[in-house]
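Visitor: Protein chains in written order, with this note's numbering: chain A, 1 to 177; chain B, 178 to 598. Yeah, the Cβ is synthetic: ideal placement off N, Cα and C, and Gly gets one too. Please read these numbers as outputs of a predicted model, since none were measured by experiment.
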Amino acid sequence: MRAEQVLAALSRALGEKLQSYELRPREVGVSKKWTVEEIWAEVPREDIPRAVAALKALGPLHISIITGHDAGEKIELLYHLAVGFGTEGGEVMVTLRTFLPKEDPTVPSICGILPGAETTEREKIEFLGVDFPGIPRRDHVFLPDDLPVHPWRRDEPELEKFIRRMVEWEKDDGAKS
Amino acid sequence: MERNPEGENLEYGALEEVFEVPIGPIHPALKEPIRFTFQVRGERIVDVQIRTGFAHRGIEFMGMRQGRNLIQILYLSERICGICSVSHPIAFTQAVERAAGIEVPPRAQYIRVIISELERIHSHLLWAGVAAHELGFDTLLHLTWRVREKVLDILEELTGNRINYAIPIFGGVRRDITPEQYPRVWEAIRYYRGLLEELLDAFLRDPTVEARTRGVGILEPKEAEELCAVGPTARASGLRKDVRQDRPYLAYSDFEVKAITPADYGLTPVGDVYDKIVVRLLEVGQSLDIIEKALENMPEGEITSFPKIPALLAHLKKAEGEGLGWHEAPRGEVIHYVRLVSGEESPLIWKVKAPTYSNLLSWYPMFEDQEVADIPIIAACIDPCICCMDRVYIVRNGKEETWTKEELLRLSWEKTRRMRR
Numbered sequence: 001m002r003a004e005q006v007l008a009a010l011s012r013a014l015g016e017k018l019q020s021y022e023l024r025p026r027e028v029g030v031s032k033k034w035t036v037e038e039i040w041a042e043v044p045r046e047d048i049p050r051a052v053a054a055l056k057a058l059g060p061l062h063i064s065i066i067t068g069h070d071a072g073e074k075i076e077l078l079y080h081l082a083v084g085f086g087t088e089g090g091e092v093m094v095t096l097r098t099f100l101p102k103e104d105p106t107v108p109s110i111c112g113i114l115p116g117a118e119t120t121e122r123e124k125i126e127f128l129g130v131d132f133p134g135i136p137r138r139d140h141v142f143l144p145d146d147l148p149v150h151p152w153r154r155d156e157p158e159l160e161k162f163i164r165r166m167v168e169w170e171k172d173d174g175a176k177s
Numbered sequence: 178m179e180r181n182p183e184g185e186n187l188e189y190g191a192l193e194e195v196f197e198v199p200i201g202p203i204h205p206a207l208k209e210p211i212r213f214t215f216q217v218r219g220e221r222i223v224d225v226q227i228r229t230g231f232a233h234r235g236i237e238f239m240g241m242r243q244g245r246n247l248i249q250i251l252y253l254s255e256r257i258c259g260i261c262s263v264s265h266p267i268a269f270t271q272a273v274e275r276a277a278g279i280e281v282p283p284r285a286q287y288i289r290v291i292i293s294e295l296e297r298i299h300s301h302l303l304w305a306g307v308a309a310h311e312l313g314f315d316t317l318l319h320l321t322w323r324v325r326e327k328v329l330d331i332l333e334e335l336t337g338n339r340i341n342y343a344i345p346i347f348g349g350v351r352r353d354i355t356p357e358q359y360p361r362v363w364e365a366i367r368y369y370r371g372l373l374e375e376l377l378d379a380f381l382r383d384p385t386v387e388a389r390t391r392g393v394g395i396l397e398p399k400e401a402e403e404l405c406a407v408g409p410t411a412r413a414s415g416l417r418k419d420v421r422q423d424r425p426y427l428a429y430s431d432f433e434v435k436a437i438t439p440a441d442y443g444l445t446p447v448g449d450v451y452d453k454i455v456v457r458l459l460e461v462g463q464s465l466d467i468i469e470k471a472l473e474n475m476p477e478g479e480i481t482s483f484p485k486i487p488a489l490l491a492h493l494k495k496a497e498g499e500g501l502g503w504h505e506a507p508r509g510e511v512i513h514y515v516r517l518v519s520g521e522e523s524p525l526i527w528k529v530k531a532p533t534y535s536n537l538l539s540w541y542p543m544f545e546d547q548e549v550a551d552i553p554i555i556a557a558c559i560d561p562c563i564c565c566m567d568r569v570y571i572v573r574n575g576k577e578e579t580w581t582k583e584e585l586l587r588l589s590w591e592k593t594r595r596m597r598r
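1) Helix, strand or coil for aspartate 47 (chain A), going by three-state DSSP, please let me know.
2) Since isoleucine 66 (chain A) is in the alpha helix (DSSP H), which residue starts that stretch and which ends it?
3) Any residues in the region 229-248 of chain B with a beta carbon nearer than 9 Å to a beta carbon of chain A? Which ones, in chain order?
4) Considering only residues of the region 376-401 of chain B, which uninterrupted alpha helix (DSSP H) runs meet the minimum length of 4 residues and lie entirely inside it, listed in chain order?
5) Step through the CB atoms of chain B and report whether any lies within less than 7 Å of the CB of glutamate 91 (chain A).
6) At a Cβ threshold of 7 Å, is isoleucine 512 (chain B) touching chain A?
7) Restricting to Cα atoms, I'd like to know which of A:Cys111, A:Ile39, A:Leu100, A:Asp146 is closest to glycine 126 (chain A).
8) Just checking: is the beta-carbon of glutamate 403 (chain B) within a distance shorter than 7 Å of some beta-carbon in chain A?
9) For proline 60 (chain A), go through chain B and note every residue whose CB falls closer than 9 Å to its CB, in chain order.
10) Given a limit of 8 Å on CB to CB distance, which residues of the region 126-153 of chain A reach chain B?
11) Could you spell out the range, first to last residue, of the beta strand (DSSP E) harbouring tyrosine 514 (chain B)?
12) With distances taken from CA atoms, which of B:Leu295, B:Ala471, B:Ile260 is nearest tyrosine 369 (chain B)?
13) Using three-state DSSP, classify glycine 415 (chain B) as helix, strand or coil.
14) Name the DSSP bridge partner or partners of tryptophan 34 (chain A)?
15) Since glutamine 216 (chain B) meets chain A, which of its residues come closer than 8 Å, beta carbon to beta carbon?
16) Closest to serine 31 (chain A) by C-alpha separation, out of B:Tyr541, B:Glu499, B:Glu477, would be which residue?
17) Count the other C-beta atoms from every protein chain shown that fall within 10 angstroms of the C-beta of arginine 451 (chain B), then say buried if there are 16 or more, exposed otherwise.
18) Using 7 Å as the limit for Cβ to Cβ distance, is aspartate 452 (chain B) near chain A?
19) Is the beta carbon of arginine 289 (chain B) sitting closer than 7 Å to the one on proline 345 (chain B)?
20) To which residues does DSSP link phenylalanine 142 (chain A) through a beta bridge?
21) Taking C-beta pairs closer than 8 Å, name the residues in chain A that glutamate 433 (chain B) reaches, listed in chain order.
22) Determine, for valine 28 (chain A), whether the minimum Cβ-Cβ distance to residues of chain B falls below 7 Å.
23) I want to verify the contact list: residues of chain B whose CB lies under 8 Å from the CB of valine 36 (chain A), in sequence order.
24) Can you give me, in chain order, the residues of the region 517-531 of chain B that have a beta carbon less than 7 Å from any beta carbon in chain A?
25) My output table needs one value for arginine 568 (chain B): the three-state DSSP class, helix, strand or coil.
26) Under a Cβ-count criterion, where at least 16 other Cβ atoms within 10 Å of its own Cβ denotes burial, should leucine 586 (chain B) be classed as buried or exposed?
27) Go to histidine 299 (chain B), then tell me how far its alpha helix (DSSP H) extends in each direction, as first and last residue.
28) Mapping the DSSP letters down to three states, classify glutamine 547 (chain B) as helix, strand or coil.
29) Which class does alanine 41 (chain A) belong to by DSSP, given the choice of helix, strand or coil?
30) Output yes if chain A places a C-beta closer than 7 Å to the C-beta of leucine 187 (chain B); else output no.
31) If we ignore side chains and look at the alpha-carbon of each, how far apart do alanine 531 (chain B) and glutamate 505 (chain B) end up?
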């Protein structure tokens, strides 16, 4: 798989919805040099499933993780996908970047296309309060079910207090009583 | 292939009712806290719910939001997992090096490769022992763990520690391999070369092991691909998926790594527990090949592009950018994403993905229609790493004290009470 093939497929599927993209190849190896391709593209949230479907049509598709970030007004999600495993140096890393408004932090689930995305989507639900319409299971993966906060939000007024209560014992001189 | 051909003939009579059997969070069949809630009819598993998070420590939050600098976070990343304690730093340093535009000298890349392949050998032997134990074959557990000591000795010789090696640093590695250490590494390679056939024999040609693992916990190739399984879990199902091969990093392209599946042992991949043993044991041989080649072709030169830590910290503080770093850990793909903002010591974003995270979903099809007695080995077959700790050893003011489980329990009760306030 080459980055050009992947880009062509993405732009065929998305047209001008492929808002911007960048190639960031990395040179690896000491005696046998190799270039590993990376594509970083920005896509509107409603087009994420279309982009993922286009990648899946190209070859075996793997999702590494979705990175989430509270960027103030918006929530930023980065879908780190890899297309085309199984050949030496033939996999292309594709990162799809999308922004969700804070007042409506939803993005369609890609579990229907790539069931392996479920854990990472569920993680974003509990950590960032994002919703993924269409996801088969919504239960928490890592955090207690009744946790009152989304820990990766930067606008949670309760979060600081909550963390302080958790680490209080470290401050009482640590002495055994 | 029929799943459990013998089992199909068993008569369960009136046992039509479905019972719920919880296993975990703490259970003798599990090495770390996780909860499986099984629905069983007779001895057959009908359905399962899996709950993780009992050992969640919020490490990413600690890295992003609590004022640590990148070097402090590097050591934190090493403690994400005790067994993969070089895998996370390798992925993390690469992510930061990409974000900050730092080059790694060739010799340092080779040393990183050698340490991570040694780690793979020790992790796969550890797993093989655990698998033998889960099958009730403790003699094999003791044999496997005895021979694992050799690789831990070598790791201690090269790094100073049996685990948590503290070898990678941004721009290189912290310790060189000295000329007098080479013969000891070579000796360990010869030791394992001579032993591998014996291990393959003990595991793969033993009728008990075969009876307990053939046809058990099957992950079909299609399921493995759809659920994005990684590492030996995916390769045992016949997927040629290995990050070292698919998107090489560091010096891995020099070694022309090929993903190993049971087909390399003359078998048709089934994706059961037996195949997972095949893949892991063959990978011990593959790691020996890589270490041999690396020792033979080791480039001379510097081991880091930033010998002075204050200069490194200053460079990192000025850096702005984002980067991904990945690594094929013994259990599969580890990936780290880092975004740095100029003027800040902590990263703005740090996302970590460990292999078990990707393999979690594979458990659902593996447990389907299996027997209750096979739960421990199926639970163990993806080599889950959930992370636990039941004791703390503290040295304060020159006095040593051990915090036992009871002490920790008392502390955790107190903490729960505070959190409820």
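Guide: Looking at the atomic coordinates:
1) Residue mapping note: residue 47 (chain A) aligns to position 47 of the first sequence, counting from 1. Helix at aspartate 47 (chain A).
2) Residue numbering aside, residue 66 (chain A) sits at position 66 when the first sequence is read from its first letter. Element bounds for isoleucine 66 (chain A): not the alpha helix (DSSP H) but the beta strand (DSSP E), 61-71.
3) Thr229, Gly230, His233, Gly235, Glu237, Phe238, Met241, Arg242, Gln243
4) 384-390
5) Reading the first sequence from its first residue, position 91 is the one you call residue 91 (chain A). Interface residue, yes.
6) Here residue 512 (chain B) refers to the residue found at position 335 when the second sequence is read from its first residue. Closer than 7 Å to some Cβ of chain A, the Cβ of isoleucine 512 (chain B) qualifies, so yes.
7) Taking the first sequence and counting its residues from 1, one reaches residue 126 (chain A) at position 126. Note that residue 126 (chain A) is glutamate in the sequence shown, not glycine. Of A:Cys111, A:Ile39, A:Leu100, A:Asp146, the residue nearest in Cα terms is A:Asp146.
8) Mapped onto the second sequence, residue 403 (chain B) falls at position 226. At least one chain A Cβ lies under 7 Å of glutamate 403 (chain B).
9) Walking along the first sequence from the start, residue 60 (chain A) turns up at place 60. Ordered by position in chain B, the residues that pass the 9 Å Cβ test against proline 60 (chain A) are Glu402, Leu416, Lys418.
10) Asp139, His140, Val141, Phe142, Leu143, Pro144, Pro151, Trp152
11) The count along the second sequence starts at 1 and reaches residue 514 (chain B) at position 337. From DSSP, the beta strand (DSSP E) with tyrosine 514 (chain B) extends over 509-517.
12) Position 192 of the second sequence, counted from the first residue, corresponds to residue 369 (chain B). The shortest C-alpha separation from tyrosine 369 (chain B) is found at B:Leu295.
13) By 1-based counting over the second sequence, the position of residue 415 (chain B) is 238. In the structure shown, glycine 415 (chain B) sits in coil (DSSP, three-state: anything other than H, G, I, E or B).
14) Walking along the first sequence from the start, residue 34 (chain A) turns up at place 34. Tryptophan 34 (chain A) is bridged to A:Val28.
15) Here residue 216 (chain B) corresponds to residue number 39 of the second sequence, with the count starting at 1. Those do not exist, as glutamine 216 (chain B) stays about 16 Å from chain A at its closest Cβ, beyond 8 Å.
16) In the first sequence, counting from the first residue as 1, residue 31 (chain A) sits at position 31. The shortest Cα separation from serine 31 (chain A) among B:Tyr541, B:Glu499, B:Glu477 belongs to B:Glu477.
17) The residue given as residue 451 (chain B) occupies position 274 in the second sequence. Reading off the sequence, residue 451 (chain B) comes out as tyrosine, not arginine. Classification for tyrosine 451 (chain B): buried.
18) The residue given as residue 452 (chain B) occupies position 275 in the second sequence. Taking Cβ atoms only, chain A never reaches closer than 7 Å to aspartate 452 (chain B), which makes this a no.
19) Here the question's residue 289 (chain B) lines up with position 112 in the second sequence. Here the question's residue 345 (chain B) lines up with position 168 in the second sequence. It is a contact, given that the beta carbons lie within the stated cut-off.
20) One-based indexing of the first sequence puts residue 142 (chain A) at position 142. Answer by DSSP bridge pairing: none, since phenylalanine 142 (chain A) is not bridged.
21) Against the second sequence, residue 433 (chain B) aligns to sequence position 256. The contacting residues are Lys32, Glu88.
22) Within the first sequence, the letter at position 28 stands for residue 28 (chain A). Closer than 7 Å to some Cβ of chain B, the Cβ of valine 28 (chain A) qualifies, so yes.
23) Here residue 36 (chain A) corresponds to residue number 36 of the first sequence, with the count starting at 1. The contacting residues are Arg424, Pro425, Tyr426.
24) Ile526, Lys528, Lys530
25) On the second sequence, position 391 is the one that residue 568 (chain B) refers to. Unreliable placement is indicated for arginine 568 (chain B), whose pLDDT of 46 sits below 50; the coordinate value is still reported in the next sentence. Correct three-state label for arginine 568 (chain B): coil.
26) Locating residue 586 (chain B) in the second sequence gives position 409, where the first residue counts as 1. Per the 10 Å Cβ criterion, exposed.
27) By 1-based counting over the second sequence, the position of residue 299 (chain B) is 122. It spans 283-311 - the alpha helix (DSSP H) in which histidine 299 (chain B) sits, taken as one unbroken run.
28) Translated into positions along the second sequence, residue 547 (chain B) becomes position 370. Of the three classes helix, strand and coil, the one that applies to glutamine 547 (chain B) here is coil, per DSSP.
29) Residue numbering aside, residue 41 (chain A) sits at position 41 when the first sequence is read from its first letter. Note: alanine 41 (chain A) maps to strand in three-state DSSP.
30) If you number the second sequence from 1, residue 187 (chain B) lands on position 10. Because the pLDDT of leucine 187 (chain B) is 49, which lies under 50, any placement of that residue in the model is unreliable, and the number read from its coordinates should be weighed accordingly. Output row for leucine 187 (chain B): interface = no.
31) Against the second sequence, residue 531 (chain B) aligns to sequence position 354. Against the second sequence, residue 505 (chain B) aligns to sequence position 328. Roughly 10 Å between the two C-alpha positions.
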